[in-house]
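*Asks:*
Residue numbers (our numbering): 888 to 1007.
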């Protein structure tokens, strides 16, 4: 469990760095981990084994953006993010893929599945 929590924190730090490099100024980060949201929004976890990561996340959020929001969403509402994370886990270490414009079919299918149905 601690390894998963650490992975989530490292992934959030990576996302923060990418958003900053892309020049984003106003950002919203979503996580399905209430514990992670709390860890980066309070001082509650600063003395934990992962405290240095949480302090770095909070510092980067503070200096990198003019408007920041970290929110929770349910895991079922986060299927696209989980599938993208699973895809990223299959890449070689250090590999990075950026899609601008057309997204891969597996992402389009997941997003289409999230759209409300017009059938009544």
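Using N, Cα and C, we set each Cβ at its ideal position, and we do this for glycine too. A quick note: this is a predicted structure, and the numbers were derived from the prediction, not measured.
1) With distance defined between alpha-carbon atoms, name the residue in 920, 912 and 931 nearest to residue 950.
2) Going straight from the alpha carbon of residue 973 to that of residue 953, what length do you get?
3) Grab me the residues of residue 1007's own chain with a C-beta within less than 7 Å of its C-beta, minus the 5 sequence neighbours each way, in chain order.
4) Between the segment 958 to 974 and the segment 987 to 998, can you find at least three pairs of beta-carbon atoms closer than 8 Å?
5) For residue 942, collect the residues of the same chain with a Cβ closer than 7 Å to its Cβ; drop the 5 residues on either side in sequence, then sort them by chain order.
*Replies:* Once the coordinates are examined:
1) On the chain shown, residue 950 is found 63 positions in, with the first residue counted as 1. Per the Cα distances, 912.
2) Within the chain shown, the letter at position 86 stands for residue 973. Within the chain shown, the letter at position 66 stands for residue 953. Each residue's alpha carbon lies about 31 Å from the other.
3) The count along the chain shown starts at 1 and reaches residue 1007 at position 120. Because the pLDDT at residue 1007 is just 40, under 50, the model does not fix this residue reliably, and the point stays unresolved.
4) yes
5) Within the chain shown, the letter at position 55 stands for residue 942. Excluding residues within five positions, the ones whose Cβ falls inside 7 Å are 933.
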